[in-house]
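First up is the structure itself, then whatever we jot down about it.
Numbering (our numbering), first residue to last: -7 to 118.
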């Protein structure tokens, strides 16, 4: 079951809603693989079926500060340990972003003005 997070600016009122975590369709290899273009990540999905977890996470672009969600895979390997992979690409074309832990971070800089987004949980999705 995924969760819904709202980001609202305290200054300009810019408001965005994100479905994060994962839903029912996010456990099938084909459904998960279509969220990635990186061949190495797609290979992990198909070669390690059952040994990974897919999640949508919130990210903030380091260039334009826009908030967006990124697909992530946490791969489990008994010998190598766990490793997380994310495919980051903002609308502005930048591939550098900070992945946000919404349980910890509750305030983020607004992309539109000099205000602050407040992150609020709004419910669940599937």
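Note that the Cβ used here is the ideal one computed from N, Cα and C, for glycine as well. Note that the structure is predicted; figures quoted are calculated from it, not measured.
If you follow the alpha helix (DSSP H) that residue i is part of, which residue opens it and which one closes it?
i          : result
residue 32 : 31 to 39
residue 22 : 21 to 25
In the DSSP assignment, find the unbroken beta strand (DSSP E) run with residue i in it and report its ends.
i           : result
residue 78  : 73 to 78
residue 98  : Where residue 98 is concerned, there is no enclosing beta strand (DSSP E), given that its DSSP letter is neither H nor E.
residue 51  : 44 to 53
residue 112 : 108 to 117
Give the DSSP bridge partners of residue i, in chain order.
i          : result
residue 10 : -3
residue 67 : 44, 75
residue 60 : 51
Can you have a look at residue i and say buried or exposed, based on whether 16 or more other CB atoms are within 10 angstroms of its CB?
i           : result
residue 13  : buried
residue 19  : exposed
residue 116 : exposed
residue 68  : exposed
By Cβ distance below 6 Å, which residues in the same chain neighbour residue i in space, the five residues on each side in sequence not counted?
i          : result
residue 86 : 53, 55
residue 43 : 68
residue 7  : 0
If you drop the 5 nearest sequence neighbours on each side, which residues of the same chain put their C-beta closer than 7 Å to that of residue i?
i          : result
residue 91 : 49, 51, 62, 78
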